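**Student:**
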Amino acid sequence: MPKLYIETVGCQMNMLDSELVVAALRKQGYELVDSPSQADTILFNTCSVRAHPEDKTYSALGRLKHAKERNPQKVIGVLGCMAQKDQELIFKRAPFVDLIVGPGQLHQVPDLIAAARKGGGQRLEVSLDRREASRQEVAQSFESYDPLRDEEMRPSRYQAFVRIMIGCDKFCTYCIVPKVRGPEQSRNPAHILSEVRKLADEGCREVTLIGQTVNSFKYVDGERTTRLSDLLHQIHDVAGIDRIKFVTNFPKDMTDDLLVAVRDLPKCSRYLHVPAQSGSNAVLKRMKRLYTVEEYREMYARVKAILPDAAVTSDFIVGFCGETEEDFLLTYELVRECRFKNSFIFKYSARPGTKADELFPDDVPEADKRRRNNTLLALQNQICEEDNLPFIGRRVEILVEGPSKTSVKQGESGDILQLTGRTTCDRIVVFDGNRRQIGQLMPIQIVDANAFTLFGSVVTEHVGPEVYQLA
Ligand code: 5AD
Ligand code: SF4
Numbered sequence: 005m006p007k008l009y010i011e012t013v014g015c016q017m018n019m020l021d022s023e024l025v026v027a028a029l030r031k032q033g034y035e036l037v038d039s040p041s042q043a044d045t046i047l048f049n050t051c052s053v054r055a056h057p058e059d060k061t062y063s064a065l066g067r068l069k070h071a072k073e074r075n076p077q078k079v080i081g082v083l084g085c086m087a088q089k090d091q092e093l094i095f096k097r098a099p100f101v102d103l104i105v106g107p108g109q110l111h112q113v114p115d116l117i118a119a120a121r122k123g124g125g126q127r128l129e130v131s132l133d134r135r136e137a138s139r140q141e142v143a144q145s146f147e148s149y150d151p152l153r154d155e156e157m158r159p160s161r162y163q164a165f166v167r168i169m170i171g172c173d174k175f176c177t178y179c180i181v182p183k184v185r186g187p188e189q190s191r192n193p194a195h196i197l198s199e200v201r202k203l204a205d206e207g208c209r210e211v212t213l214i215g216q217t218v219n220s221f222k223y224v225d226g227e228r229t230t231r232l233s234d235l236l237h238q239i240h241d242v243a244g245i246d247r248i249k250f251v252t253n254f255p256k257d258m259t260d261d262l263l264v265a266v267r268d269l270p271k272c273s274r275y276l277h278v279p280a281q282s283g284s285n286a287v288l289k290r291m292k293r294l295y296t297v298e299e300y301r302e303m304y305a306r307v308k309a310i311l312p313d314a315a316v317t318s319d320f321i322v323g324f325c326g327e328t329e330e331d332f333l334l335t336y337e338l339v340r341e342c343r344f345k346n347s348f349i350f351k352y353s354a355r356p357g358t359k360a361d362e363l364f365p366d367d368v369p370e371a372d373k374r375r376r377n378n379t380l381l382a383l384q385n386q387i388c389e390e391d392n393l394p395f396i397g398r399r400v401e402i403l404v405e406g407p408s409k410t411s412v413k414q415g416e417s418g419d420i421l422q423l424t425g426r427t428t429c430d431r432i433v434v435f436d437g438n439r440r441q442i443g444q445l446m447p448i449q450i451v452d453a454n455a456f457t458l459f460g461s462v463v464t465e466h467v468g469p470e471v472y473q474l475a
């Protein structure tokens, strides 16, 4: 049996892409192994959003040089965003790489590996650059990669990512995504629905709809336009699906019809990831985020008015070009005021090929970036803890996802083990349970909490759903 090793970094898009590539190769008889030394095909599915994951990929590639010299039959492939961004540069830096395949060309991976193994030489398969051709031509060169999946080939039987759009048209100045993932294209809702139905038939209980700006979803077919809110209604009708989530939202596209759909459809998670990126108008303007902090606050107030129990999470970039201490304090203020359920905080990383890199010097010293990162993180962690503690004594409903990190680490193999799941607000709950509870919705009594996790026990007496408190 041919043996495959794959390393994936980056966002949910990449996780889904890797899952689909692995599924396609398994259909051809490949078996997954957990180290490059055991494998005859080694793939890296890469991320370009910051320099750090790229550096890690190049070092990992460097470590394979000797392995390839010892065994020239090994096929080494670089897939995804860094493949699209760096193209031939990857062959220059790692001449022993066989395949470079961009995110819009993943359907070709099995054939490319077969050709490389037969001695077909190096291959570069990427999509068109956005400046090179018309929008339509570029869009056509980025193919949405959504082959039908098999139940056994998914990492979890009960949960699945479903791509509803590819690409991005927002062009935030710091961001490489519009370049490497191409123009925004929404998938045909009929295809999305049939994928969800198939997943439900195979036992899937939770779908997470993914897109770089998922709430910009818009599919026009003649007279008929389908928005994300319409799609949620359609997916809500699929029997077997208990939970629907969607990520990532663009603040300006957070329209009332979407919030009302989430409110009216009980299967929709009360959880919205709406990155603000900064609390300073000067910075937002240089980022070209297309909204002011006042508009973000107005959007946030609308979310809370329509969905008072919803948890909102955000992303922030600290140390963006020209960010002053005053700018940073405005971001700090926004986090303190909104009390996000969580914030993902990143130090600005200049990306060649973006407008910010072209126009503005990366002038915030690394030490200031680090300090701002730590300061904001400390505030967010304090909020997380303060907002988790009131859950002690409450009863919540969770979808059980599988063994907890601790039980995986300890290699627990019996039926009774520590399990983990999430509330409708995406809070992680850990409890002792039985393996057969995986994939079920369960009532849990919360007995302890810290900033990151709620700890609970299974509620054994019968309770009606009305007893749950929205978590
Ligand atoms: N540097 C740092 N963080 C970035 N992000 C996107 N581009 C960059 C960059 N150049 C962050 C944004 C985005 C998240 C996925 O990554 O916060 O929301
Ligand atoms: Fe990047 Fe902005 Fe598009 Fe998000 S919305 S993927 S940050 S360009």
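Sequential numbering of the sequence shown, starting at 5, is according to my numbering.
Where a beta carbon is used, it is the ideal one built from N, C-alpha and C, also for glycine.
All values reported here derive from a predicted model rather than from experimental measurement.
Could you tell me how far apart the beta carbons of Gly87 and Gly66 are, in whole angstroms, since I believe they sit closer than 8 Å?
**Tutor:** Just to set this straight, residue 87 is Ala in the shown sequence, not Gly. So it is not a contact: roughly 17 Å between Cβ atoms.
**Student:** According to DSSP, is Ala305 helix, strand or coil?
**Tutor:** helix
**Student:** On the CB-based measure, 16 or more other CB atoms within 10 Å of its CB, does Glu227 come out buried or exposed?
**Tutor:** exposed
**Student:** Suppose the cutoff is 6 Å on Cβ atoms and the five residues either side in sequence are ignored; what does the same chain contact list for Pro40 look like?
**Tutor:** Tyr9, Ile46
**Student:** Give me, in chain order, the residues of the same chain whose beta-carbon lies closer than 8 Å to that of Asp205; leave out the 5 immediate sequence neighbours on both sides.
**Tutor:** Gly244
**Student:** With 16 as the cutoff for other CB atoms within 10 Å, does Gly418 come out buried or exposed?
**Tutor:** exposed
**Student:** Taking the alpha-carbon of Val412 as reference, which of Ser273, Ala118, Thr229, Arg439 has the nearest alpha-carbon?
**Tutor:** The shortest Cα separation from Val412 among Ser273, Ala118, Thr229, Arg439 belongs to Arg439.
**Student:** Which same chain residues end up closer than 8 Å to Gln109 when comparing Cβ atoms and leaving out the 5 residues on each side of it in sequence?
**Tutor:** Glu129, Val130, Ser131, Glu147
**Student:** Using the DSSP secondary-structure output, state which residues sit across from Ala249 in a beta bridge.
**Tutor:** The residue asked about is misnamed: residue 249 is Lys in this sequence, not Ala. Beta-bridge pairing links Lys249 to Thr212.
**Student:** Mind pulling the beta strand (DSSP E) runs of 3 or more residues that sit fully within the stretch 254-310?
**Tutor:** You should have 275-277.
**Student:** For the beta strand (DSSP E) containing Gly460, name the first residue and the last one.
**Tutor:** 458-462
**Student:** Between Ser347 and ligand 3, is there a pair consisting of the residue's CB and a ligand heavy atom that are separated by less than 7 Å?
**Tutor:** Ligand 3 is not part of the structure shown, which contains ligand 1 and ligand 2 as its ligands.
**Student:** Given a threshold of 16 other Cβ atoms within 10 Å of its Cβ, counted over all protein chains shown, does Asp225 qualify as buried or as exposed?
**Tutor:** A residue is called buried when at least 16 other Cβ atoms come within 10 angstroms of its Cβ; Asp225 does not meet this threshold and is exposed.
**Student:** The beta strand (DSSP E) spanning Gly84 covers which residue range?
**Tutor:** 79-84
**Student:** Give a yes or no on whether the C-beta atoms belonging to Pro255 and Tyr300 are separated by under 8 Å.
**Tutor:** yes
**Student:** Counting C-beta neighbours from all protein chains within 10 Å, is the total for Gln281 16 or more, i.e. buried, or is it exposed?
**Tutor:** buried
**Student:** For Ile448, which option in Asp436, Asn454, Ala455, Phe456 has the closest C-alpha, if you only look at C-alpha atoms?
**Tutor:** Asp436
**Student:** Which residues end up in the neighbourhood of ligand 1 when you take C-beta atoms closer than 6 Å to any of its heavy atoms?
**Tutor:** With the cut-off at 6 Å, the residues found are Val53, Arg54, Tyr178, Cys179, Pro279, Gln281, Asp319, Ile321, Phe350, Tyr352, Ser353, Arg355.
**Student:** Any idea what DSSP makes of Leu474, helix, strand or coil?
**Tutor:** Unreliable placement is indicated for Leu474, whose pLDDT of 49 sits below 50; the coordinate value is still reported in the next sentence. Correct three-state label for Leu474: coil.
**Student:** For Cys367, collect the residues of the same chain with a Cβ closer than 7 Å to its Cβ; drop the 5 residues on either side in sequence, then sort them by chain order.
**Tutor:** Reading the sequence as shown, one finds Asp at residue 367 and not Cys. Result list for Asp367: Cys325, Gly326, in chain order.
**Student:** Could you please give me the residues that DSSP links to Ile321 through a beta bridge?
**Tutor:** Phe350
**Student:** With a 10 Å radius around its C-beta and 16 neighbouring C-beta atoms as the bar for buried, classify His277 as buried or exposed.
**Tutor:** buried
**Student:** What residues are listed by DSSP as bridge partners for Glu35?
**Tutor:** Lys7
**Student:** By alpha-carbon positions, which one of Val82, Lys60, Glu302, Ala55 ends up nearest to Phe477?
**Tutor:** A query on residue 477 cannot be resolved here, the shown segment of the chain reaching from 5 to 475 and no further.
**Student:** So, for Val462: in the same chain, excluding its five sequence neighbours on each side, which residues have a beta-carbon less than 7 Å away from its beta-carbon?
**Tutor:** Phe435, Gly437, Met446, Ile448
**Student:** Please report the distance separating the alpha-carbon of Asp115 from that of Met5.
**Tutor:** 17 Å
**Student:** Is Gly215 close to chain D? Criterion is C-beta to C-beta, closer than 8 Å.
**Tutor:** The structure shown contains no chain D; it is built from a single protein chain.
**Student:** Can you tell me whether Ala28 is buried or exposed, with buried defined as 16 or more other CB within 10 angstroms of its CB?
**Tutor:** buried
**Student:** Alpha carbon to alpha carbon, how far is Gln16 from Gln478? Give it in angstroms, no decimals.
**Tutor:** This structure does not reach residue 478, given that the chain is present from 5 up to 475, and the question cannot be answered.
**Student:** Applying the criterion that 16 or more other CB atoms from any shown protein chain within 10 Å of the CB defines a buried residue, is Ile420 buried or exposed?
**Tutor:** Exposed, by the Cβ-count rule.
**Student:** Checking 8 Å against the spacing of the C-beta atoms, do Val79 and Ala120 come in under that value?
**Tutor:** yes
**Student:** Rounded to the nearest angstrom, how far is the Cβ of Ala453 from that of Asn392, given a contact under 8 Å?
**Tutor:** 4 Å
**Student:** Taking only three categories from DSSP, how would you classify Gly437?
**Tutor:** strand
**Student:** Just to confirm before moving on: does the CB-CB distance between Ile450 and Gly397 stay below 8 Å?
**Tutor:** yes
**Student:** Short of 7 Å in beta carbon distance, which residues of its chain neighbour Ser220, apart from the five on each side in sequence? Order them along the chain.
**Tutor:** Glu188, Phe254, Asp257
**Student:** Please identify the residue among Leu458, Gly125, Ala455, Gln441 whose C-alpha is closest to the C-alpha of Tyr162.
**Tutor:** Gln441
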